[in-house]
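With the first letter of the sequence shown counted as 1, position 657 gets the number 656 in numbering that gives the first Met the number 0; the numbers rise by one all the way through. Just so you know, even glycine gets a beta-carbon here, dropped at the ideal spot from N, CA and C. Worksheet for the structure shown next.
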Amino acid sequence: MAEDSDDEINLGEIFATLLEYKWLIAAVTFFATLLGAFYLYIATPVYQADAMLQWDDKMVGGGGLGALKDMSALLGGDATATAGQIEILNSRMVLAPVVDKLRLDVLAEPKYFPLLGRAMARRHDGSELAPPLFGMSSFAWGGEQIKVETLEVPKALIDEPLTLVAGKGGQYQVFDEDDNKLLEGGVGQPAAKGDIHLFVSQLTARPGTRFKLVKQLEQDVIDFLEGQGGYSVKERGKQSGIIEVTLKHSDAVLLPVILDEIINGYVRQNVEYHSVEAEKTLKFLESQLPGLKVQMESADAAFKHYRQSKGSADLALETQGVLTSIVDVDKQTILLQQQRDELRQQFTAEHPRMQAMDSQIARLKGKRGQLDGRVGSLPAEQQTALRLQRDLELYTKLYTEMLNNAQQLRVSKAGTVGEARIIDPAAVASKPISPKGTLILAVSFILGLLLSVMVIWVIRSLRVMVEDPDKIEKQIGLPVYATIPHSKTEVALAHDIKAGKNKGGLLAIDYPEDDVVESLRSLRTTIHFALLDADKGSLLITGPSPGIGKSFISKNLGAVLAQSGKRVAIVDADLRKGHIHREFGMQREMGVSEYVSGTASLGEIVKPTSVPGLSVITTGQRPPNPSELLMHAHFGELLDQLGDLFDILIVDAPPILAVSDAAIIGRHTGATLIVARAGKHPIREIEQAVKRFNQAGVQVKGFVFNDMDTVRQRYRYGYHGYVYNYSYKKEKD
0 MAEDSDDEIN
10 LGEIFATLLE
20 YKWLIAAVTF
30 FATLLGAFYL
40 YIATPVYQAD
50 AMLQWDDKMV
60 GGGGLGALKD
70 MSALLGGDAT
80 ATAGQIEILN
90 SRMVLAPVVD
100 KLRLDVLAEP
110 KYFPLLGRAM
120 ARRHDGSELA
130 PPLFGMSSFA
140 WGGEQIKVET
150 LEVPKALIDE
160 PLTLVAGKGG
170 QYQVFDEDDN
180 KLLEGGVGQP
190 AAKGDIHLFV
200 SQLTARPGTR
210 FKLVKQLEQD
220 VIDFLEGQGG
230 YSVKERGKQS
240 GIIEVTLKHS
250 DAVLLPVILD
260 EIINGYVRQN
270 VEYHSVEAEK
280 TLKFLESQLP
290 GLKVQMESAD
300 AAFKHYRQSK
310 GSADLALETQ
320 GVLTSIVDVD
330 KQTILLQQQR
340 DELRQQFTAE
350 HPRMQAMDSQ
360 IARLKGKRGQ
370 LDGRVGSLPA
380 EQQTALRLQR
390 DLELYTKLYT
400 EMLNNAQQLR
410 VSKAGTVGEA
420 RIIDPAAVAS
430 KPISPKGTLI
440 LAVSFILGLL
450 LSVMVIWVIR
460 SLRVMVEDPD
470 KIEKQIGLPV
480 YATIPHSKTE
490 VALAHDIKAG
500 KNKGGLLAID
510 YPEDDVVESL
520 RSLRTTIHFA
530 LLDADKGSLL
540 ITGPSPGIGK
550 SFISKNLGAV
560 LAQSGKRVAI
570 VDADLRKGHI
580 HREFGMQREM
590 GVSEYVSGTA
600 SLGEIVKPTS
610 VPGLSVITTG
620 QRPPNPSELL
630 MHAHFGELLD
640 QLGDLFDILI
650 VDAPPILAVS
660 DAAIIGRHTG
670 ATLIVARAGK
680 HPIREIEQAV
690 KRFNQAGVQV
700 KGFVFNDMDT
710 VRQRYRYGYH
720 GYVYNYSYKK
730 EKD
């Protein structure tokens, strides 16, 4: 069968890690989602209003230099006209009057309790003032209102927050940031002191409630509207002339008022602008009309004189066509030159509009030259008649058109029509555009998952613990004799013994079908072969550090060995913290320390248990010098005598990295096993434990890997990662 690929193993490892930290993931994700819900509660809703305008220069009618406008359109002068109107809508010329009229540069609002206060006040829907929370009446909790008609302060107090404190009977006091009183007054009455002028038209609050007052710079308010206010102007469709204006604000009532004032102000300014322009153009036309009239009358007199002298001035059909073309070209040239003279007051000769106009005039002059060539081929009398008739028709058309335009401008000057009109006034959506509840909760949930994974990664990076028994074999080069799975039954049993609910008990005896016991049976077989080449039948069991389950292994392994017919003795040589006596319901006294010190005999310290073939030698009284006691010759004699009495001797020793006791004991035993607990040690700690024994001249036979999470290993390695369990159970009838 093909081996699992690295990718599959890695995926299994990732899934196993996530499963191991599932409660951490759940807690972090829940907390992040809770933060998202809290943000939704305290976040101020933002509403959006939109309006629509139409800009079309044809709406002004034919007034003004209508022909000149047509010429400008031909030159491409209106290609960016809508873009120009968008810039006007974004200009201070439009926005500043709105700020001034609606007093948007005056910020007046209640002071709320941090974080929660504004949200609680926003949700208050009663007609009365909300009661203060915990008696904190200086904060607003709902129902408070203030309306400031006028706030004028010196430059030093611009953008500086002031505090208005409500008093009794509509009275109030105003303080600066240093709590200096600036002035006092009453609702509905102007208040002034020095350069400070204040008029409060409405104040609804309990005495002591504080309000925030700020006089802002006009430009700062405009910048806010265009920035956080989301003020946006754009054209809908390419060159459609339809302009969409949007604005965002937390006040759904004030929002459409602001936007309507913006678009109405823009339309009003557009009308005023065209009224002024109509007056300017009218003056220009009126200055041109007398000269054109003289030229028209002179051309008429010359043409009549020519007809009287010649008797006839009729032109051939072909010549009449040339005349019409010449009149049209000359008319366009004169109009363009007049418009150029007018624009020259605004633009330099290098401006694109001026250059485009010069190019158009040059093109018309070129066309005029071609027509002059055709005229040159005519008879002299026809040329003269054509020239005179051309002058008459040209000046007559120019004079008549300008006269009509002047008449229209007189009407337009007093009119109310501009190039812009409102299609849709401001309208506000019923629901706020932010915050978006579903999106924020989803993002919070995802961020919680990502954050929990990052926390797990940091934990795993900072504490690289051995989770895999194969890592011990590969890096240390010693075999792992047995892998002991985690047992919930043993955890409950140990808890009952510690709490006094159970005087003693062994997992191997009370729950012989537990997976742990089956693993210990496998260890029993391995130990049998490990001790074959040893000169002694004694086995030292220790660990790198405390809390790894070495005593659990010792006592249950002893029981399993005894069940196989062996005579087994467990020696609790952890003279500092040994507690094996508790599991067997015995007393600590009369044990190792008494024998070594010569106060007890061998027969007095060997204590049989309820398990046939299993005896226990407890620690005895705790000595002040455990290491010196273990180095005494009597301790070695004790192990030798016990070795003669029992088939297998299991010595439970203290952790090797904590004290040197295990190294001392190891010189008197036939084999040494180190118990390592899954997820408890970095590999370096296990290496140091082996090194300590080697330095003491004690050879470590191998390891017992304890408390392994079989569920985690199953996902890490697939179906290869479980602990095999095959045992006979009592059948039920």
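- DSSP, read as helix, strand or coil, puts residue 646 in coil.
- If you ignore the 5 residues before and after residue 42, its C-beta comes within less than 7 Å of the C-beta of 434, all in its own chain and listed in chain order.
- When DSSP states are grouped into helix, strand and coil, residue 212 belongs to the strand group.
- If only uninterrupted alpha helix (DSSP H) runs of at least 4 residues are considered, those enclosed by the stretch 583-636 are 591-595, 601-604, 625-629.
- Note that the C-beta distance between residue 52 and residue 419 is below 8 Å.
- Of 682, 564, 384, the smallest CA-CA separation from residue 476 is found for 682.
- Taking the Cβ atoms as the reference, residue 625 lies roughly 17 Å from residue 544, outside the contact range of under 8 Å.
- By the 16-neighbour rule on beta-carbons within 10 angstroms, residue 92 is exposed.
- Exposure of residue 127 is indicated by the presence of fewer than 16 other C-beta atoms within 10 angstroms of its C-beta.
- For the pair residue 209 and residue 225, the Cα-to-Cα distance works out to about 30 Å.
- Secondary structure at residue 432: coil, using DSSP grouped into helix, strand and coil.
- The C-beta of residue 280 has 16 or more other C-beta atoms within 10 Å across all chains shown, which makes the residue buried.
- Segment contact: the stretch 517-528 against the stretch 599-612, fewer than three CB-CB distances shorter than 8 Å; contact not assigned.
- Residue ranges of uninterrupted beta strand (DSSP E) with 3 or more members, entirely inside the stretch 136-205 and ordered along the chain, are 144-151, 161-165, 170-174, 180-185, 189-192, 195-203.
- By a beta-carbon distance limit of 8 Å, residue 172 does not contact residue 186. Their separation comes to about 13 Å.
- CA-to-CA, the gap between residue 123 and residue 484 works out to about 58 Å.
- Distance check between residue 482 and each of 708, 273, 175, 236 places 708 closest, using alpha-carbon atoms only.
- Following the DSSP letters along the chain, one finds residue 346 in no alpha helix (DSSP H), marked with neither H nor E.
- Pairing residue 589 with residue 604 gives a Cβ-Cβ distance under 8 Å.
- Relative to residue 417, the option among 272, 283, 342, 553 whose CA is nearest is 272.
- In terms of Cβ geometry, residue 541 and residue 587 do not form a close pair [threshold 8 Å].
- The C-alpha of residue 249 is placed about 13 Å away from the C-alpha of residue 223.
- In this structure, the straight-line span from the alpha carbon of residue 145 to that of residue 134 is close to 22 Å.
- Sequence-distant Cβ neighbours of residue 305 in its own chain, meaning closer than 8 Å and more than five residues away, are 312, 383, 384, 387.
- Going by DSSP, residue 53 is part of the beta strand (DSSP E) stretching over 46-54.
- Contact between residue 282 and residue 105 is absent: CB atoms are separated by about 42 Å, not below the 8 Å threshold.
- In this structure, DSSP gives residue 466 a state outside helix and strand, which the three-state scheme calls coil.
- For residue 670, the uninterrupted beta strand (DSSP E) segment begins and ends at 670-676.
- In this structure, the alpha-carbon of residue 558 lies about 22 Å from that of residue 576.
- Note on geometry: alpha-carbon atoms of residue 333 and residue 364 lie some 11 Å from one another.
- The three-state secondary structure of residue 246, taken from DSSP, is strand.
- DSSP, reduced to helix, strand and coil, places residue 504 outside both helices and strands of the structure shown, so it counts as coil.
- Taking a C-beta distance under 8 Å as the contact criterion, residue 401 and residue 331 do not qualify as a contact pair.
- For residue 106, the pairing in a beta bridge is given by DSSP as 213.
- The alpha-carbon separation between residue 152 and residue 247 amounts to approximately 28 Å.
- Excluding sequence positions up to five before and after residue 118, its CB lies within less than 6 Å of the CB of 40, 41, all in the same chain and listed in chain order.
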